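Colleague:
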Amino acid sequence: MPTFLNSLFDPALNVATEITYQTSTSYLGRIFNARFYDEGGSRWFVNEPGVFNKVISAAFTADTPESTIDKTLVRVAESFKNGLMLWDVEPSLNSTMLKESLSAHGWVKSGEVRSMVLDLHALKVPAKTPSELTIELVESEEAFKEHIDIMSTGFGFPEPMARYLSNLNYGQTFLHDPNVYYYVGRVQGEPVTISLVLLCEGIAGIYNVATIPQARHQGFGTAITVVALQQALDLGYRIAAIQASEMGAPIYRALGFQDHFMFDSYALVKEGSAQ
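All residue numbers for the sequence shown refer to full-length UniProt numbering, where the first residue is 1 and numbers rise by one.
1. Kindly examine the ligand SAM and report whether one of its heavy atoms sits closer than 7 Å to the Cβ of T222.
2. How big is the Cα-Cα spacing for G83 and E90?
3. So with Cβ pairs under 8 Å, would you call L137 a contact of chain D?
4. Quick check on Q258: buried or exposed, where buried means 16 or more other Cβ atoms within 10 Å of its Cβ?
5. Indicate the three-state DSSP secondary structure (helix, strand or coil) for A143 in the structure shown.
6. Taking the alpha carbon of I150 as the point to measure from, which residue in A210, A34 and D10 has its own alpha carbon closest?
7. Does the distance from the CB of L229 to the CB of I206 come in under 8 Å?
8. Do you know how far the Cα of F220 is from the Cα of Y27?
9. Nearest CA to the CA of E246: which residue from N179, W107, L268 and R114?
10. List the residues that DSSP assigns as beta-bridge partners of G185.
11. With a threshold of 16 other CB atoms inside 10 Å of the CB of K124, please say whether the residue is buried or exposed.
12. With respect to the beta strand (DSSP E) encompassing Q218, which residues constitute its N-terminal and C-terminal limits?
13. Below 6 Å CB to CB, which residues in the same chain sit around T134 once its five sequence neighbours on both sides are set aside?
14. State the CB to CB distance for the pair V180 and E146, rounded to an integer number of angstroms; the pair is presumed to be in contact (CB under 8 Å).
15. Go through its chain and collect everything with a Cβ distance to residue 277's Cβ below 7 Å, but skip five positions before and after it.
16. Can you tell me whether P191 is buried or exposed? The criterion is at least 16 other CB atoms within 10 Å of its CB, across all chains shown.
17. Express the C-alpha separation of I239 and E201 in angstroms, rounding to a whole number.
18. List the DSSP bridge partners of E246.
19. For A127, does the count of other Cβ atoms within 10 angstroms reach 16, so buried, or fall short, so exposed?
20. Name the residue from F9, E159 and E271 whose alpha carbon lies nearest to the alpha carbon of L118.
21. Who are the Cβ neighbours of F4 in its own chain at under 7 Å, not counting the five residues just before and after it?
22. Can you look up V76 in the DSSP assignment and give me helix, strand or coil?
23. Considering only DSSP beta bridges, list what Y27 is partnered with.
24. Quick one: measure Cβ to Cβ for N47 and A34, integer angstroms, because I've assumed they're closer than 8 Å.
25. Taking its Cβ as the centre, do 16 or more other Cβ atoms sit within 10 Å of A104, making it buried, or is it exposed?
26. With a threshold of 7 Å on Cβ separation, who are the neighbours of P65 within its own chain once the five nearest residues in sequence on each side are excluded?
27. Does DSSP put S7 in a helix, in a strand, or in coil?
28. Work out the CA separation of N6 and A274 for me, nearest whole Å.
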């Protein structure tokens, strides 16, 4: 049985949220069938040609020598030939030394990722939900493929990335993980929206909330997010976390989520990649 976090004031929440996000990033790398690196406790994945590369975590502390940070950044850069390497740096890792090292090695701050948290006992379920939407737990290879296709369309992946994902054969690889529940929402049988809940570190992380462009602004994303949150609550979880875009943050606040902290997003562009 997992040890549940039961309060937004639990001092373990920050670390739990960071680790859950790292775990979700690792899952994403697996979905992209990426090549993983783990060197000195720092982890990242590479998927070429230029499809999707991202740092998962780094084993740096306040006592980590600058030379060790520099060595890790060199290895990350050497591991891919072109495209972007992305890194959402968590608050516990952020330091003046890391920022200076990232800048010296060509990384550029590209934005921020907002992390939000919710006490599931305070979930504000909308009074009205779209009656035309049916939501199902993904339990088949076909439905999982639909989940991935909606992810590509909903997040606006570039065509090469979307095409790459559409050509992967996942089989049942992701269907039997007891810590992840995938959802697909349909209108008249056609998939239009998705979400997933990742159970990790005593909290429930909500990810992959996406709706195809032509089905937005109808409450579908909210409805499928609520289903994922209720699933976590039914399993005994008390705290949920989500990383929100500027478009999504007001929707999550309406459900009861509170701002928690920000990840600093960095990107390293290799020569020959698209700008």
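Here a beta-carbon is modelled for each residue, glycine too, at the ideal position from N, C-alpha and C. Nothing here was measured: the structure is a model prediction, and the numbers come from that model.
Modeller: Straight from the coordinates:
1. With respect to the ligand SAM, the structure shown offers nothing to examine, as it has no ligands at all.
2. Roughly 23 Å separates the two Cα atoms.
3. Given the protein chain composition of this structure (a single chain), no chain D is represented.
4. With fewer than 16 other Cβ atoms from the protein chains shown falling within 10 Å of its own Cβ, Q258 counts as exposed.
5. It is helical.
6. The residue from A210, A34 and D10 with its alpha-carbon nearest to that of I150 is A210.
7. Contact annotation: L229 and I206 have beta-carbon atoms nearer than 8 Å.
8. Distance between the alpha carbons of Y27 and F220: 24 Å.
9. Ranked by Cα distance from E246, the options N179, W107, L268 and R114 are led by R114.
10. Note: G185 is bridge-paired with I135 and T193 in the DSSP secondary-structure output.
11. Of the residues assessed, K124 falls on the exposed side of the cut-off, its CB having fewer than 16 other CB atoms within 10 angstroms.
12. First-last for Q218: undefined, no H or E at that position.
13. Once the five neighbours on either side are set aside, the close Cβ partners of T134 are R186.
14. That pair is no contact at about 16 Å.
15. Nothing about residue 277 can be reported from this structure: the residues present for the chain run from 1 to 275 only.
16. That one is buried.
17. So the two alpha carbons sit approximately 10 Å from each other.
18. Answer by DSSP bridge pairing: none, since E246 is not bridged.
19. Exposed.
20. The shortest Cα separation from L118 among F9, E159 and E271 belongs to F9.
21. In chain order, G202, G236, Y237 and R238 place their CB closer than 7 Å to the CB of F4, counting only its own chain and leaving out the 5 sequence neighbours on each side.
22. Looking at V76 - three-state DSSP - the assignment turns out to be helix.
23. Per DSSP, Y27 has no beta-bridge partner at all.
24. Contact between N47 and A34 holds, with the beta-carbon distance rounding to 4 Å and staying under 8 Å.
25. With fewer than 16 neighbouring CB atoms inside 10 Å of its own CB, A104 falls in the exposed class.
26. Hits under 7 Å: none found.
27. DSSP places S7 in coil when its eight states are reduced to three.
28. With a pLDDT of only 45 at A274, under the threshold of 50, the placement of this residue in the model should not be trusted; the figure read from the coordinates follows. Between the C-alpha atoms of A274 and N6 there is a straight-line separation of about 45 Å.
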